[in-house]
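Notes for the one structure printed next.
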Amino acid sequence: MRILERWLKQYGDFSIDPHELAERLTMLGLEFESVQRLDTRYNGFVVGEVLTKEKHPRADRLSVCTVGTGRETLQVVCGAPNVAPGQKVVVGLVGATVPRNQHDPSGAPFVLSRVAIRGVESSGMICSESELDMGKDSAGIMVLDRDAKPGETLASYFGLDDVAFDLEITPNRPDWLSHMGVAREIAVLTGTLPRLPRVKLKESAEPVGKHLSVTVEEGENCPRFAARMIRGVKIGPSPRWLQNALRNAGLRPRNNIVDITNYVMYECGQPLHAFDHALLRGGRIVVRGAKEGTPFTTLDGKEHTLPAGAVMVCDGEREVSIAGIMGGANSEISDATADIVIEAAYWKPSSIRKTAKLLGISTDASQRFERGADPGGVRYALDRTAGLVMELAGGVLLKGVIDVYPRKIRERTVPLRVARVNHVLGTKLKKPEIVRSLGLIGISESGVKGDTVKFRVPTFRVDVEREIDIIEEVARVYGYDRIESGSGATFSFRQPFPAVSREQTLQEAMAGRGYQEAITNSMQQPKKAAMGGATPVRILNPQNQDMAALRTSLVPGLLETAARNHNAGNLTLRLFEIGHVFRIDDGPAPKLVQNYLEEERLCLLLTGSSAPVHWSSPGRDVDLFDMKGDIEFLLAKFALDKSRFISYSTSKGLTDNTLGIEIQGSYAGYLGGISKEVRGLFGLERPVFVAEIGVEGFRRDIRKAYVPLPRYPKVKRDVAFTVDAGIPAASLEATIRESATELLQSVEVFDVYQGEQLPGGKKSVAFTLEFMSLERTLTDAETEAAVGRVVAGVEKAHGAALRSMR
Amino acid sequence: MHSEITSLREEAENAIRTVTDARGIDEFRVRFLARKGSIAALFDRLKTAAPEDRPALGKMLNELRSAVQQMLDEKSGAIQAPASGEAAPADLSLPGRRGFIGSKHPLTQTLDEIRAIFVSMGFGVADGPEIEDDYHNFEALNFPPDHPARDMQDTFFLGPRALLRTHTSPVQIRVMEEHQPPLRVIMPGKVYRNEAISARSYCMFHQVEGLCVDRGVTFAELKGTLIEFITRYYGAGLKFRFRPTFFPFTEPSADIYISCFICGGKGCRLCKQSGWLEILGCGMVDPNVFRSVGYDPEVYTGYAFGMGIDRIAMLRHGIDDIRLFFDNDIRFLNQFRQ
Ligand SMILES: [Zn+2]
Chain A
-7 MRILERWLKQ
3 YGDFSIDPHE
13 LAERLTMLGL
23 EFESVQRLDT
33 RYNGFVVGEV
43 LTKEKHPRAD
53 RLSVCTVGTG
63 RETLQVVCGA
73 PNVAPGQKVV
83 VGLVGATVPR
93 NQHDPSGAPF
103 VLSRVAIRGV
113 ESSGMICSES
123 ELDMGKDSAG
133 IMVLDRDAKP
143 GETLASYFGL
153 DDVAFDLEIT
163 PNRPDWLSHM
173 GVAREIAVLT
183 GTLPRLPRVK
193 LKESAEPVGK
203 HLSVTVEEGE
213 NCPRFAARMI
223 RGVKIGPSPR
233 WLQNALRNAG
243 LRPRNNIVDI
253 TNYVMYECGQ
263 PLHAFDHALL
273 RGGRIVVRGA
283 KEGTPFTTLD
293 GKEHTLPAGA
303 VMVCDGEREV
313 SIAGIMGGAN
323 SEISDATADI
333 VIEAAYWKPS
343 SIRKTAKLLG
353 ISTDASQRFE
363 RGADPGGVRY
373 ALDRTAGLVM
383 ELAGGVLLKG
393 VIDVYPRKIR
403 ERTVPLRVAR
413 VNHVLGTKLK
423 KPEIVRSLGL
433 IGISESGVKG
443 DTVKFRVPTF
453 RVDVEREIDI
463 IEEVARVYGY
473 DRIESGSGAT
483 FSFRQPFPAV
493 SREQTLQEAM
503 AGRGYQEAIT
513 NSMQQPKKAA
523 MGGATPVRIL
533 NPQNQDMAAL
543 RTSLVPGLLE
553 TAARNHNAGN
563 LTLRLFEIGH
573 VFRIDDGPAP
583 KLVQNYLEEE
593 RLCLLLTGSS
603 APVHWSSPGR
613 DVDLFDMKGD
623 IEFLLAKFAL
633 DKSRFISYST
643 SKGLTDNTLG
653 IEIQGSYAGY
663 LGGISKEVRG
673 LFGLERPVFV
683 AEIGVEGFRR
693 DIRKAYVPLP
703 RYPKVKRDVA
713 FTVDAGIPAA
723 SLEATIRESA
733 TELLQSVEVF
743 DVYQGEQLPG
753 GKKSVAFTLE
763 FMSLERTLTD
773 AETEAAVGRV
783 VAGVEKAHGA
793 ALRSMR
Chain B
980 MHSEITSLRE
990 EAENAIRTVT
1000 DARGIDEFRV
1010 RFLARKGSIA
1020 ALFDRLKTAA
1030 PEDRPALGKM
1040 LNELRSAVQQ
1050 MLDEKSGAIQ
1060 APASGEAAPA
1070 DLSLPGRRGF
1080 IGSKHPLTQT
1090 LDEIRAIFVS
1100 MGFGVADGPE
1110 IEDDYHNFEA
1120 LNFPPDHPAR
1130 DMQDTFFLGP
1140 RALLRTHTSP
1150 VQIRVMEEHQ
1160 PPLRVIMPGK
1170 VYRNEAISAR
1180 SYCMFHQVEG
1190 LCVDRGVTFA
1200 ELKGTLIEFI
1210 TRYYGAGLKF
1220 RFRPTFFPFT
1230 EPSADIYISC
1240 FICGGKGCRL
1250 CKQSGWLEIL
1260 GCGMVDPNVF
1270 RSVGYDPEVY
1280 TGYAFGMGID
1290 RIAMLRHGID
1300 DIRLFFDNDI
1310 RFLNQFRQ
């Protein structure tokens, strides 16, 4: 919304510097995008009169003109087809900066210099609307009114001696979508309430009811519908002041009637619509619901199919306007129009919003109605419009107003407890201070009962309904910065939430192990999102197909990250990500929202070297055991001793050589090498290893009881077995644990050998065993017996042969 | 013991064949020759052997030791392993074995700092789902159906009532549904908005939400708490201001600005010439929100606040393109080692 300083001052003068004004209004809740003087961009542009026009001797499309600028006559080469002698045009003088270069894709401004165009000298430029950044028209030059005076500055001609404030309006304050609304806020600074211009109307004897009737069938969605009729108006361009005001506010002047309705809307916030009475069949207006599917052409020439529930303004036979949104082409004001009907109505906000959304239209009118216009301001806006029409377009105003307003929307009365103000704000305000503050924004005291003061709220303040709304107004006008800050008044030590999250502990652990944390987009290509093996959740309104589904696994995101890094030459990667994955699940698992299952996971990715380059060793690339080791590290770090690896395979062939991870007997995740096929999909040439594991499994209940330190030495024995090559080391280890007595403290594989020393199909696996007793020092005999049990057990269970022992 | 000496020699012969690198050499040495190696173990047991056998066994053991030492020396020469252990290399300027250096994502680091401050002020940490229903994301937060306030947050829809949360505020509702006051909690997480991707905005970003509910919580306390946070996080000496604004779920609502730390308030590109940077939104919890979770607004008052972690991280590190966070180029991530 663009507000102009000169326009604002019509409702109450003030002398505050524009930047200071913006600063002080900012502290009242208005948000300023920019504050700018309008004339500074147009230094060096003047009105010129085209005196002569001749064809350029060496270019068909160019003409050579002489242009009078009051003091001098310039020769200018012009490429526009519409330039003609006698026209008043905008001339950019040598040295001026043209705001938009229409031949440059970025439209960057450029400085005019004296040039020769195909051999003909040109001193200046005749400008188009687009070049002046005053409109979109770039096809021809901008032609000014006949009465424009050559030599007059462009700023003066267009009334640019003004300051424009560009505002961002929050949805709760539709009243700020007008100059009057902003002027009312300035009253907080000046102490004087603004006033709208007084309207005096001269009505003819002929009653409006003779030519027009209004029936409202949609009373619920149309609480108020008012209309006036003016006969014999003369349609034409608006006077310059009106055109300038609209243009400076960012609107495009059309004709006097339409311009007036826009002007009044920007003045007081009430959208208006004017119909050509001759096109309203039967002289009737009926407000009713649309029949779903009816085609309708709006006055911008666009065709729409009306949705169910749309409220329409109709004549005796057909729809003539989409209520509160946009008029129809079939009843539009044209040069031939003589009699007009002006509509000013109040529409139910949610109804307008619903229809505007369904149709995909947003207009100045719909934006105001859907946020809430002022039901009490309808009559003023209608009369103000009628007054301006008669002043600027002539005509005779018929007697009376049609105002269908069966249930009057009165000013609200809102009770306020003074104590409550201070209870919420932490202030010590007294009643007079509160009453004074609210008075500055037109909210007045209307009664007192004990500590409770009743306030009357004007109808344009649609956002003030409850006590808390009034409290906010008190805080706002009193000034947030004046409320003294306090602290800790209610400090409580009761705290059901942890101070350190599981994610944090995992992040620390992985960063400590040399992994870098990545954060990737949860929205993915549906194909990639499905790689996790579950049914991905689809986004109904995705930005594009690359982000049309939610990830079911963190792996594809990290693979994309790896590929991007590989392309950048970062070949060694140790990445982790902690994030949510999502899937559709109709099973019994508990869910917070419908059938969407959401789970937090940790994903690891390894590729490239196993260690930074070092002079002491040739180095090697990572393999599956690096990944397995990191998972073992995590499980051990989180003291998840009831965990194990199981054989597993990921769906859709995501990984090869996969191991499942089980914690406390339930599946928690997996690790493996990314299959060649999947690597191909991501353009990854080198081996990549991943692990993905649910964060839920990492519960950290490690407040264990202390175990006394052993008092007796432990005895170490190494045993090596020759077994069939296919027997997993883990099975041998399991057998060792099963066969041993409680004296066995630990088992570790320290060597695996397969080769010329052994018969084909055999391997040797060597274990270090540690034995210890909590009660005494073990004797040789006891140790030998314990080792003997282990050896016998492994020999029996796996057909193993003892290869060595020491 | 005689046979053990013989078999140990055989074992050593086998073992030396499999040694291919410096690490193997080292392991071999530890296994056989070190002070606690297998040969030393046999020497120890010499004491328990019959006195008459000791000289012969001792001789055998000495021979074994020199034979194994010779195997080791030959192998070391063959693979030119750099000396290790007690015999340190002459060139001490050579680099040590460093290992990889990991790091947390800059967004995580930013969140960690913010969280630590609030935790020290008595706040706990809670989280919630990223897929939300319309009720928790909007309705319970006092966004009426068909209200323009919903347009403030472009939403990705997943189903008729399901969506990707557009802010972390629904976690407030979930926390209040589960717990009774007093509450002091922050709620970090990812949020999603259907906004065009550019250097300044991404369709996914991160917020930290805060909530404090108790008897007698005031706007003054909200100011006090957040000023304490700002002073600790951004440093003392910055100017700040609270400006009225609108959020459906708080009233009164405020945006907090700090004076631009790039230009010191004179106006620059970062602060869009205003001299101020917006860093936080906050306000007193709207009574309608309390009603939707069954709290009595006459008994309890509270404040809520929210801030964008990505934006704060960008300001803090002078990052001019938000997409860098999600590209995860390790040359970028490497710059944020702690
Ligand atoms: Zn700045």
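Chains as they are written, first to last, in our numbering: chain A, -7 to 798; chain B, 980 to 1317. The C-beta atom is built at its ideal place from N, Cα and C for all residues, glycine as well. Given the structure is predicted, the values throughout are model-derived calculations rather than measurements.
Where Gln508/A falls, given that 16 or more other Cβ within 10 Å makes a residue buried: Taking all protein chains in view, the Cβ of Gln508/A is crowded by 16 or more other Cβ atoms within 10 Å, so the residue is classified as buried.
Which residues does DSSP pair with Leu663/A in a beta bridge? Leu651/A, Ala683/A, per the DSSP bridge assignment.
Unbroken alpha helix (DSSP H) run spanning Gly431/A, endpoints: Element bounds for Gly431/A: 423 to 431.
Going along the chain, which residues of the segment 534 to 557 of chain A sit with their C-beta nearer than 8 Å to a C-beta in chain C? You won't find chain C in this structure, because its protein chains are A and B.
Neighbourhood of Ala156/A by C-beta distance below 7 Å, restricted to the same chain and skipping five residues each side: These residues qualify, in order along the chain: Arg(-6), Leu(-4), Gln28, Leu30, Asn240.
Mark Ile638/A as exposed unless 16 or more other C-beta atoms lie within 10 angstroms of its C-beta, in which case mark it buried. In the assembly as shown, Ile638/A is an exposed residue. Its beta-carbon has fewer than 16 other beta-carbons within 10 Å.
Kindly indicate if chain A contains any beta-carbon less than 8 Å away from that of Asp1005/B. It does not: the Cβ of Asp1005/B has no partner Cβ on chain A nearer than 8 Å.
Below-8 Å beta-carbon distance, Ala100/A vs any chain B residue: Residue-level contact check: Ala100/A does not touch chain B, since none of the beta carbons of chain B fall below 8 Å from its beta carbon.
In DSSP terms, what Ser205/A is bridged to: Paired residue(s): Arg276/A.
Ligand 1 and Ile1241/B: does any heavy atom of the ligand fall closer than 7 Å to the residue's C-beta? Between ligand 1 and the CB of Ile1241/B, the shortest heavy atom gap is smaller than 7 Å.
At a Cβ threshold of 8 Å, is Glu1109/B touching chain A? Glu1109/B counts as touching chain A.
For Phe763/A versus Gln746/A, is the C-beta distance shorter than 8 Å? Contact flag unset, no.
Given that Cys1182/B touches chain A, what residues does it touch there, using C-beta distances under 9 Å? For Cys1182/B, the chain A residues whose Cβ falls inside 9 Å of its Cβ are Asn513, Met515, Gln535, Met539, in order along the chain.
At a cut-off of 7 Å, would you count Leu271/A as near ligand 1, judging by its Cβ distance to the nearest heavy atom? Result no, Cβ not under 7 Å from ligand 1.
Is DSSP giving Gly40/A helix, strand or coil here? If DSSP states are grouped into helix, strand and coil, Gly40/A belongs with the strands.
Return yes when at least one heavy atom of ligand 1 lies under 7 Å from the C-beta of Cys1247/B, else no. Within the cutoff, so yes.
Reduced DSSP category for Ala266/A - H, G, I as helix; E, B as strand; rest coil: In the three-state reduction of the DSSP assignment, Ala266/A falls in the strand class.
Between Gly665/A and Thr642/A, is the Cβ-Cβ spacing less than 8 Å? Against a cut-off of 8 Å, the Cβ pair of Thr642/A and Gly665/A comes out as no contact.
So, using beta-carbon positions, are Val810/A and Ala1141/B closer together than 8 Å? In the structure displayed, chain A extends from -7 to 798; residue 810/A sits before or after that span and is not available.
Which partner residues of Gln1167/B appear in the DSSP bridge assignment? Inspection of the sequence shows that residue 1167/B is occupied by Pro rather than by Gln. In DSSP, Pro1167/B forms a bridge with Val1187/B.
Between the CA atoms of Arg703/A and Val1015/B - distance to the nearest angstrom: Per the sequence shown, residue 1015/B should be read as Lys rather than Val. A direct Cα-to-Cα measurement between Lys1015/B and Arg703/A gives close to 20 Å.
Taking the alpha carbon of Leu417/A as the point to measure from, which residue in Phe1198/B, Phe1097/B, Thr1147/B, Val1187/B has its own alpha carbon closest? When only C-alpha atoms are compared, the closest one is Phe1198/B.
From the beta carbon of Met1131/B, is the nearest beta carbon of chain A less than 8 Å away? Answer yes: the Cβ-Cβ gap between Met1131/B and chain A drops below 8 Å somewhere.
Tell me the DSSP bridge mates of Ile394/A? The bridge partners DSSP lists for Ile394/A are Ala219/A.
If you measure beta-carbon to beta-carbon, which residues of the segment 428 to 455 of chain A are closer than 7 Å to chain B? Residues are counted here when their Cβ sits less than 7 Å from a Cβ of chain B; for the segment 428 to 455 of chain A the count is zero.
Taking the C-alpha atoms as reference points, what is the distance between Ile1110/B and Asn1267/B? Cα to Cα, the separation comes out at about 23 Å.
Can you tell me the Cα-Cα spacing of Ser1063/B and Ser986/B, whole angstroms? In this prediction, Ser1063/B has a pLDDT of 49, which is less than 50 and means its spatial position is unreliable; what the coordinates show is noted afterwards. In this structure, the CA atom of Ser1063/B is about 28 Å from the CA atom of Ser986/B.
Lys620/A and Leu663/A look like a contact to me (Cβ under 8 Å); what is the Cβ gap, rounded to whole Å? Rounded, the Cβ-Cβ distance is 6 Å, consistent with contact.
Between the Cα of Ala270/A and the Cα atoms of Ser148/A, Pro341/A, Ser436/A, Ile222/A, which residue gives the shortest distance? The shortest Cα separation from Ala270/A among Ser148/A, Pro341/A, Ser436/A, Ile222/A belongs to Ile222/A.
At a CB-CB cut-off below 8 Å, which residues of chain B make contact with Pro705/A? The premise fails here: Pro705/A is roughly 12 Å from chain B at the closest Cβ pair, so nothing lies under 8 Å.
Which value, in whole angstroms, describes the spacing of the CA atoms of Leu22/A and Tyr472/A? Roughly 14 Å separates the two Cα atoms.
Let me check you understand the geometry: is the CB of Cys1250/B closer than 7 Å to at least one non-hydrogen atom of ligand 1? Yes, ligand 1 has a heavy atom inside 7 Å of this Cβ.
Do the segment 1125 to 1133 of chain B and the segment 1244 to 1251 of chain B make contact, defined as three or more Cβ pairs closer than 8 Å? Output reads no: the segment 1244 to 1251 of chain B does not touch the segment 1125 to 1133 of chain B.
For the beta strand (DSSP E) containing Pro1231/B, name the first residue and the last one. Pro1231/B -> beta strand (DSSP E) spans 1229 to 1238.
Compute the Euclidean distance between the alpha carbons of Val786/A and Ala721/A, then round it to the nearest angstrom. Taken atom to atom, the span from the alpha-carbon of Val786/A to that of Ala721/A is near 11 Å.
Beta-carbon of Ala491/A versus every beta-carbon of chain B: anything under 8 Å? Ala491/A counts as touching chain B.
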